[in-house]
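Written out below as structure tokens is the structure these notes cover.
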Amino acid sequence: MKDKCDTLDLCNNLQFKIINHCPYSCKEFVITQKFHFRKWLQTSIILNVLAFGIGLHKQDIVILLVALGLVLVILFFKLRSKVVKESLLVMASIGAQTTTTYALGKKCCQFYDLTSIRDIVINEGITMHSIIFYLVLLLRGSDAQTEPQILVPLFKHSWPPLRFLQHIYRESQAVIWKKRKTKDS
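In structure tokens:
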């Protein structure tokens, strides 16, 4: 079966994609952040021009090598922590899987079994200057008597707008709770 894919541009940096792997039983929500290589190139050229302007090439070679090494270390750590793609795969009667992909290719996956998922909700957070909305998996706690709830934020690196969170919420609720409603009825 061929996967059906809908793609939307959230803004000039984010791209939102819905992949229907199997109708009504498996959907994947992918948010991709564009990586601006041109911006990195321009920044490095500006730093080189500044180094040339202050005469760093006329100083001791050790200073030049230390400055170059420092720029490379900063670039490496920036690329290592830069998230380029986040996805949520929701499967009926199985659970949900989150995947975070970094600029250097590293992937972090986490699977949540359907029995541990209590609900998927849109939560509201208040900062000093704004109100942010984010999607959260509400998990059951390990202790059955007190049953504390654990919040797992989704798409915490891309922060999609509320209207897209609402769309993801409705679609994921329809997939996950479809099987549970038929079992409960």
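Quick note: the sequence shown uses full-length UniProt numbering, first residue 1, plus one each step.
Just so it is clear, CB atoms sit at the ideal spot from N, CA and C, and this is done for glycine as well.
Quick one: Cα of residue i to Cα of residue j, how far?
i, j, result
"SER185", "ALA174", "Residue placement at SER185 is poorly supported in this model, since its pLDDT is 46, which falls under 50; the coordinates are not used for a value here."
"LYS2", "HIS21", "A caution first: LYS2 carries a pLDDT of 48, below 50, which makes its placement in the model unreliable, though a value can still be read off. Between LYS2 and HIS21, the C-alpha separation is close to 8 Å."
"HIS36", "LEU79", "11 Å"
"THR98", "GLN59", "50 Å"
"LYS183", "VAL71", "Caution applies to LYS183, whose pLDDT of 48 falls short of 50 and renders its modelled position unreliable; the model cannot decide the point."
"LYS27", "PHE164", "15 Å"
"ALA67", "THR100", "32 Å"
Going by beta carbon distance, what residues of the same chain come within less than 8 Å of residue i, once the five residues before and after it are set aside?
i, result
"TYR24", "ALA92, ALA174, VAL175, LYS178"
"residue 191", "With the chain running from 1 to 185 in the structure shown, residue 191 is simply not present."
"LEU139", "TYR112, SER116, ILE117, ARG118, GLN149, ILE150, LEU151, VAL152"
"ASN13", "GLN33, LYS34"
Do residue j and residue i come within 8 Å of each other at the CB atom, strictly closer than that value?
i, j, result
"ILE117", "GLY141", "no"
"GLU124", "ILE18", "no"
"residue 208", "PHE29", "Here the chain comprises residues numbered 1 to 185, so residue 208 is not present and cannot be evaluated."
"LEU56", "LEU65", "no"
"HIS157", "GLU86", "yes"
Under 8 Å by Cβ, that's how I've got residue i and residue j pegged, so tell me the actual separation to the nearest angstrom.
i, j, result
"VAL83", "GLN42", "Contact flag wrong, Cβ pair sits at about 22 Å."
"PHE155", "LEU135", "6 Å"
So, at 7 Å on beta carbons, what are the nonlocal neighbours of residue i in its own chain, with the 5 sequence-adjacent residues on each side left out?
i, result
"TYR169", "ILE120, ILE122, LEU135"
"LEU137", "ALA96, TYR112, ILE117, ILE120, VAL152, LEU154"
Within the chosen definition, does the segment 39 to 56 reach the segment 125 to 137 through at least 3 CB pairs nearer than 8 Å?
Touching, no.
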